[in-house]
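Per the numbering used here, residue 8 is the first one in the sequence shown, and the count goes up by one each step. Glycine residues also receive a C-beta, built at the ideal position from the N, C-alpha and C atoms. A quick write-up on the structure given underneath.
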Amino acid sequence: MRRAVARAIAASILMGAMLGGRDRLVAQDSLTMARDLYASAAYEDALAVLNRLRNGDHSVDEGRAIEQYRAFCLLALGRADEAERAIEAVVAAQPSYHPSESEISPRLRALFADVRRRMLPTIIQDRYARAKAAYDHKEYAAAAKGFKVTLEMVADPDLGAAGNQPPLSDLRTLAQGFYELSAKAAAPPPPPPPQPAPVTPSFVRIYSADDVNVVPPIALRQVFPPFPARLVPAGQGVVEVVVDETGIVESASLRQPVNPQYDAIVLGAAKTWLYKPAALDGVPVKYRKMIQVLLRPTR
């Protein structure tokens, strides 16, 4: 009896769609009815309604719901391969979407995770490429948003260990560096500060290799990050760091660029280096230090 009622409902929905009217309202009603058919175990009827809905004009959320319920029905009917393709459509449209545990079975949840684990690496690389293109065109707001999405997807729990291994770990390092650069470039300039009262400026001298009576800083932690690709080109440059009186790198800049793919990475690493501070007559002082960077090409 329940199946007969469900078939009658599905037929009435199709007739309403054929008669025209407000397309979106019909689509919403049909999606609601497809859910009801699925809940009543009328999987064939629900799938027929959903298949008709696929050809309509829908929002992203509606399209995702249609493919998701198609996967539910197909899996219930034992058509696992088709269910997987429906899930692929969901992931392609909304890569960050995670179905609620309350709405799907553990089996379908595991299938979602498997499909996402397989598809996310390619999607992540595509999102990174789009963000980098926006950055190259000086569209910094769009680039920052794209790099942020890239970083969020690399941290997705469905990726598991793959997110911490090349190439995704290398991509995360690059995306983090470019995100910081693009977010800074996209930020509106701060309002001009109020005019301060005149004060006598304090001067802190920064010593350098020209000051032969100063003991230079000694590196305690000065690690160069790996080049973000398997093939390393030849290259050399110079990083300038200002080490304060506590041994912390106060600032880092490139006196001579190393490589466009490596410059932002080595600068980010330089800000984490730690030294025994320079000293003048035993007293710690601020010091400007030049460090040569060499890229040895892979053979």
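* Selected residue, minimal CA-CA separation from Gly-167, among Tyr-269, Ala-48, Ala-90 and Arg-125 -> For the purposes of this step, residue 167 is identified with residue 160 of the sequence shown, where counting begins at 1. For Gly-167, the nearest C-alpha among the options comes from Arg-125.
Discussion item. Can you list, in chain order, the residues of its chain with a C-beta nearer than 8 angstroms to that of Thr-305? Leave out the 5 residues immediately preceding and following it.
Written reply: Residue 305 sits at position 298 when you count from the first residue of the sequence shown. Apart from sequence neighbours up to five positions away, the residues of its chain that approach Thr-305 with a beta-carbon distance below 8 angstroms are Arg-237, Leu-238 and Val-239, ordered along the chain.
Nearest to Tyr-345 by CA position, among Ala-140, Ile-213 and Arg-61, is which residue? In the structure as shown, the chain begins at 8 and stops at 306. Residue 345 is therefore absent and cannot be evaluated.
Point to revise | Alpha carbon of Ala-286 to alpha carbon of Leu-227, nearest angstrom | key: Residue 286 sits at position 279 when you count from the first residue of the sequence shown. Residue 227 sits at position 220 when you count from the first residue of the sequence shown. About 15 angstroms.
Q | CA-to-CA distance, Leu-175 to Ser-189, given in whole angstroms | A | Here residue 189 refers to the residue found at position 182 when the sequence shown is read from its first residue. Here residue 175 refers to the residue found at position 168 when the sequence shown is read from its first residue. In a straight line, the C-alpha of Ser-189 is about 20 angstroms away from that of Leu-175.
Straight-line gap, Gly-70 to Ala-93 (C-alpha atoms, nearest Å):
Indexing the sequence shown from 1 puts residue 70 at position 63. Indexing the sequence shown from 1 puts residue 93 at position 86. So the alpha carbons of these two residues sit roughly 11 angstroms apart.
Query raised in the report: Quick one: any contact between the stretch 273 to 282 and the stretch 243 to 255, if contact means 3 or more CB pairs under 8 angstroms?
Result: In the pairwise beta carbon analysis, the stretch 273 to 282 is classified as touching the stretch 243 to 255: at least three pairs are separated by under 8 angstroms.
Q.
Suppose contacts are defined by Cβ-Cβ distances below 9 angstroms. Is Val-336 in contact with Arg-262 by that definition?
A. Outside the modelled stretch of the chain, which goes from 8 to 306, sits residue 336, for which no answer is possible.
Checklist entry - In chain order, what residues of the same chain have a beta carbon less than 8 angstroms from the beta carbon of Leu-60, not counting five sequence neighbours either side? => result Position 53 of the sequence shown holds residue 60. Answer for Leu-60: Ala-34, Ser-37, Leu-38, Ala-41 and Ile-73, listed in chain order.
- Within this structure, are the beta carbons of Lys-145 and Ala-192 separated by less than 9 angstroms? Here residue 145 refers to the residue found at position 138 of the sequence shown. Here residue 192 refers to the residue found at position 185 of the sequence shown. Cβ distance < 9 angstroms, so Lys-145 and Ala-192 count as in contact.
Less than 9 angstroms separating the beta-carbons of Ala-150 and Ala-162? On the sequence shown, residue 150 is found 143 positions in, with the first residue counted as 1. On the sequence shown, residue 162 is found 155 positions in, with the first residue counted as 1. Contact: no.
- Quick one: is Asn-220 buried, meaning 16 or more other Cβ sit within 10 Å of its Cβ, or exposed? Taking the first residue of the sequence shown as position 1, residue 220 is located at position 213. Asn-220 should be labelled exposed.
Fully enclosed by the stretch 241 to 289, which alpha helix (DSSP H) runs are 4 residues long or longer? 270 to 277
What's the C-alpha gap between Arg-303 and Pro-200? Counted from its first residue, the sequence shown places residue 303 at position 296. Counted from its first residue, the sequence shown places residue 200 at position 193. Distance between the alpha carbons of Arg-303 and Pro-200: 47 angstroms.
Check the C-beta distance from Tyr-4 over to Ala-194 and give it rounded, since I have them as a contact under 8 angstroms.
In the structure displayed, the chain extends from 8 to 306; residue 4 sits before or after that span and is not available.
Checklist line | Backbone CA spacing between Thr-129 and Val-122 [nearest angstrom] | finding: For the purposes of this step, residue 129 is taken as residue 122 along the sequence shown, with counting starting at 1. For the purposes of this step, residue 122 is taken as residue 115 along the sequence shown, with counting starting at 1. Between Thr-129 and Val-122, the C-alpha separation is close to 12 angstroms.
Measure the beta-carbon distance from Leu-54 to Leu-81 and round it to whole angstroms, keeping in mind my assumption that it falls under 8 angstroms. Your numbering for residue 54 matches position 47 in the sequence shown. Your numbering for residue 81 matches position 74 in the sequence shown. Indeed, because the Cβ distance is near 7 angstroms, the residues count as touching under 8 angstroms.
**Study point:** Pro-223 - DSSP class collapsed to helix/strand/coil
**Key:** Position 216 of the sequence shown holds residue 223. Of the three classes helix, strand and coil, the one that applies to Pro-223 here is coil, per DSSP.
- Query: Considering Ile-131, what are the terminal residues of the alpha helix (DSSP H) in which it resides?
  - Reply: Indexing the sequence shown from 1 puts residue 131 at position 124. Looking at the DSSP string, the run of the alpha helix (DSSP H) that includes Ile-131 is 113 to 143.
So what does DSSP say about Tyr-147, is it helix, strand or coil? Taking the first residue of the sequence shown as position 1, residue 147 is located at position 140. If DSSP states are grouped into helix, strand and coil, Tyr-147 belongs with the helices.
Pairwise C-alpha distance: Ala-204 and Val-67: Numbered from 1 along the sequence shown, position 60 holds the residue referred to as residue 67. Numbered from 1 along the sequence shown, position 197 holds the residue referred to as residue 204. Their backbone Cα atoms lie some 56 angstroms apart in a straight line.
Rounded distance between the beta-carbons of Gln-243 and Gln-202, thought under 8 angstroms: Within the sequence shown, numbered from 1, the residue matching residue 202 stands at position 195. Within the sequence shown, numbered from 1, the residue matching residue 243 stands at position 236. So it is not a contact: roughly 45 angstroms between Cβ atoms.
Q. Under the rule that 16 or more other beta-carbon atoms within 10 Å means buried, what is Pro-233, buried or exposed?
A. Residue 233 sits at position 226 when you count from the first residue of the sequence shown. Per the 10 Å Cβ criterion, exposed.
Practice prompt. Go through its chain and collect everything with a Cβ distance to Glu-159's Cβ below 8 angstroms, but skip five positions before and after it.
Written response: Numbered from its first residue, the sequence shown carries residue 159 at position 152. Excluding residues within five positions, the ones whose Cβ falls inside 8 angstroms are Ser-103.
Residues near Leu-178 by beta carbon distance below 6 angstroms, same chain, minus five either side
Position 171 of the sequence shown, counted from the start, is the residue given in the question as residue 178. For Leu-178, where only same-chain residues beyond five positions count, the Cβ hits under 6 angstroms are Tyr-135.
Are the CB atoms of Ala-78 and Pro-115 within a distance shorter than 9 angstroms? As a first step, residue 115 must be located in the sequence shown, where it is residue number 108. As a first step, residue 78 must be located in the sequence shown, where it is residue number 71. Going by the sequence as given, residue 115 is Leu instead of Pro. Ala-78 is positioned such that its CB atom lies closer than 9 angstroms to that of Leu-115.
For this session: Using the DSSP secondary-structure output, state which residues sit across from Ile-298 in a beta bridge.
Result: Mapped onto the sequence shown, residue 298 falls at position 291. Answer is Val-246, bridged to Ile-298.
Inter-residue Cα distance where the pair is Tyr-142 and Gly-153: In the sequence shown, the residue the question calls residue 142 occupies position 135. In the sequence shown, the residue the question calls residue 153 occupies position 146. Tyr-142 and Gly-153: Cα-Cα distance of roughly 10 angstroms.
Contact set for Ile-131: own chain, Cβ-Cβ below 7 angstroms, skip 5 residues either direction: Counted from its first residue, the sequence shown places residue 131 at position 124. The residues are Thr-157, Met-160, Val-161, Leu-175 and Leu-178.
Exercise. With a 10 Å radius around its C-beta and 16 neighbouring C-beta atoms as the bar for buried, classify Leu-301 as buried or exposed.
Key: The residue you call residue 301 lines up with position 294 of the sequence shown. Here Leu-301 is exposed: its Cβ has fewer than 16 other Cβ atoms, across all protein chains shown, within 10 Å.
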